[in-house]
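Taking it in order: structure first as structure tokens, then the write-up.
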Amino acid sequence: MKKVLVIGSGGREHAIVYQLSRSPQVEQIFCAPGNAGIAQLAECVAIADTDVEQLLCFAIRRQVDLCIVGPEAALAAGVTDTFREAGIPVFGHTKAATQIESSKEFAKELMVRYNVPTAAYRSFADYNEAIAYVRARNTYPTVLKYDGLAAGKGVVIAQDEQEAQQALRDMLIGEAFGKGRVVIEDYLEGPEFSFMAFVNHHHVYPMPLSQDHKRVFDGDKGPNTGGMGAYTPLPFISAEEEQWALENILQRVADAMVEEGKPLTGVLYGGLMKTADGIKVIEFNARFGDPETEVVLPLLETDAYTVFHAIAIGEILDNIAWRKQATIGVVMASCGYPGAYTKGAEITDLENFDGLVLHMGTRIEGGKLVTNGGRVLMCIAHGDDIQQAQQKVYTELEKIHCTNLFYRRDIAHWAL
Ligand code: AMP
Ligand code: GLY
Numbered sequence: 320m321k322k323v324l325v326i327g328s329g330g331r332e333h334a335i336v337y338q339l340s341r342s343p344q345v346e347q348i349f350c351a352p353g354n355a356g357i358a359q360l361a362e363c364v365a366i367a368d369t370d371v372e373q374l375l376c377f378a379i380r381r382q383v384d385l386c387i388v389g390p391e392a393a394l395a396a397g398v399t400d401t402f403r404e405a406g407i408p409v410f411g412h413t414k415a416a417t418q419i420e421s422s423k424e425f426a427k428e429l430m431v432r433y434n435v436p437t438a439a440y441r442s443f444a445d446y447n448e449a450i451a452y453v454r455a456r457n458t459y460p461t462v463l464k465y466d467g468l469a470a471g472k473g474v475v476i477a478q479d480e481q482e483a484q485q486a487l488r489d490m491l492i493g494e495a496f497g498k499g500r501v502v503i504e505d506y507l508e509g510p511e512f513s514f515m516a517f518v519n520h521h522h523v524y525p526m527p528l529s530q531d532h533k534r535v536f537d538g539d540k541g542p543n544t545g546g547m548g549a550y551t552p553l554p555f556i557s558a559e560e561e562q563w564a565l566e567n568i569l570q571r572v573a574d575a576m577v578e579e580g581k582p583l584t585g586v587l588y589g590g591l592m593k594t595a596d597g598i599k600v601i602e603f604n605a606r607f608g609d610p611e612t613e614v615v616l617p618l619l620e621t622d623a624y625t626v627f628h629a630i631a632i633g634e635i636l637d638n639i640a641w642r643k644q645a646t647i648g649v650v651m652a653s654c655g656y657p658g659a660y661t662k663g664a665e666i667t668d669l670e671n672f673d674g675l676v677l678h679m680g681t682r683i684e685g686g687k688l689v690t691n692g693g694r695v696l697m698c699i700a701h702g703d704d705i706q707q708a709q710q711k712v713y714t715e716l717e718k719i720h721c722t723n724l725f726y727r728r729d730i731a732h733w734a735l
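Using the working numbering, read the sequence shown as starting at 320 and increasing by one per residue.
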């Protein structure tokens, strides 16, 4: 019987813990630091996800058989490298391989070198050179990306020179980001979708396609968020297009990373766009997407421990099986999010929701479940098709009560 340590505290980690809890091989799950929902399935340990030494110390003391790293910050802090040196199987990329997410320039150079389709770009460290380039190009909208982990705040789509100038100032001479570089790239148009895969070196095992909803309000209006809901499958991507993207994007990047001496050993997340000119890469992440993982991972049919462990140690799997079922997840977020919001509002009647509720930001206070973040819950329902799943999730959502939570009412509208 196996012991597993999961690192992280969001809905994505709850999905991982939930799936592990269904494995007959798994005896005990620890989660650092976890949340109130995860605590129902795992022993939560009060260690920060980037405190590499404490995490390792805990893993050794409790003799864990496998560690699974959720957040990019933990990967970028080198949790994988440290655990691997200590001989503990770990699912998640090394610090070097995490560059596919943490450095936009690295990712862009790699795509150009290995012929992976993406928007044309130039990269700058100097503000004057960057603004001169934007002026000379004089094409809007134009996309400006801060080169580094910026918690989803590093991309600006500038509609005119003034907006571009402001963004470049913030990114290259302001205090907000720290000194870095900026990638300036062509603006692409089309529906976006998420293609994730389990990857160990050259071996790529695709997950079902899904789509996130980044804007805070219905009709994709308002500011960007960490994601307000997700669903699978996607009717607007054909099986041929999916296969094409698997071969020409995910497999090519996995092979390229081996070639570069930075093999992948975790999840490769392709943020893709279906443009008039074919499928192109918007960005890569070195981890499970959030909230996409919450709708995708519950469909995993193969034993979760077997999958994570095989990817961690480089064992080859015949194939990974997925249930084919329409699934929708709606995020309940704190009023005010993604701007300022308060925490500590009581949530009741969660047990009445007929489906799966994964916690993104909750805690127990005085014996009560309360909100503890911007995104608080991800409520998930299945159906025979998207329409049925959508009806189900919105009927069930009415049953959960909290005066400080709101949600989008049109998740999956792209599919209907
Ligand atoms: P990212 O933080 O890289 O996920 O980017 C945030 C969002 O900016 C993406 O989800 C896209 O909607 C948008 N975006 C990024 N790059 C481009 C691009 N080259 N063209 C159009 N939109 C983009
Ligand atoms: N859902 C987008 C992301 O995880 O980055």
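Every residue gets a Cβ at the ideal spot worked out from N, C-alpha and C, and that includes glycine.
Alpha-carbon to alpha-carbon, residue j and residue i
i    : j    : result
H732 : V695 : 22 Å
G397 : M490 : 25 Å
T369 : P436 : 33 Å
H720 : T646 : 22 Å
N671 : K718 : 6 Å
V325 : R331 : 11 Å
V523 : G389 : 19 Å
E428 : E578 : 14 Å
R381 : K321 : 11 Å
T681 : G546 : 17 Å
F536 : F425 : 33 Å
A449 : Q485 : 12 Å
V689 : T722 : 11 Å
Q338 : Q644 : 16 Å
I730 : Q709 : 8 Å
G655 : V345 : 39 Å
F603 : L587 : 7 Å
A483 : M430 : 25 Å
Residue i and residue j closer than 8 Å at C-beta
i    : j    : result
G590 : E511 : yes
I357 : H333 : yes
I376 : A361 : As written in the sequence, residue 376 is Cys, which differs from the Ile given in the question. No, these two residues do not count as a Cβ contact at 8 Å.
L618 : P527 : yes
Y446 : I503 : no
T413 : E391 : no
Q706 : L675 : no
K599 : A438 : yes
S529 : V615 : yes
Q394 : A605 : Note on residue identity: the sequence assigns Leu, not Gln, to residue 394. The answer is yes: Cβ separation under 8 Å.
A516 : E613 : no
L724 : A652 : yes
S342 : A623 : yes
R454 : E480 : yes
V323 : L385 : yes
Sheet register partners of residue i (DSSP bridge)
i    : result
F536 : K540
Q644 : BP columns for Q644 are empty, so no partner.
T667 : H720
V676 : C698
S421 : Per DSSP, none; premise fails for S421.
A525 : Rather than Ala, the amino acid found at residue 525 in this sequence is Pro. BP columns for P525 point to A516.
A358 : DSSP output for A358 lists no bridge partner at all.
K322 : Q347
I387 : V325 and F410
E602 : G590
L463 : V475 and I503
T681 : T690
F443 : V501
Rounded Cβ spacing between residue i and residue j (contact assumed at less than 8 Å)
i    : j    : result
L487 : L507 : No, L487 and L507 are not in contact; Cβ-Cβ is about 20 Å, not under 8 Å.
H678 : N457 : With a Cβ gap of about 48 Å, H678 and N457 do not count as contacting.
G406 : G585 : That belief does not hold up - the Cβ atoms of G406 and G585 are roughly 18 Å apart, past 8 Å.
E611 : D531 : 6 Å
T399 : V409 : 5 Å
L569 : F607 : Between F607 and L569 the Cβ distance is about 14 Å, and since that is not below 8 Å, they are no contact.
D466 : G499 : 5 Å
Residue i - DSSP class collapsed to helix/strand/coil
i    : result
R381 : coil
V435 : coil
M547 : coil
Q344 : coil
C350 : strand
R294 : Residue 294 lies beyond the range of the chain shown here (320 to 735); nothing can be said about it.
G493 : coil
K581 : coil
R454 : helix
Y660 : coil
V649 : strand
I335 : helix
V689 : strand
G397 : coil
L618 : helix
D574 : helix
E404 : helix
Beta carbon proximity, residue i to chain C, threshold 8 Å
i    : result
M592 : Among the chains in the structure shown there is no chain C, since it carries only a single protein chain.
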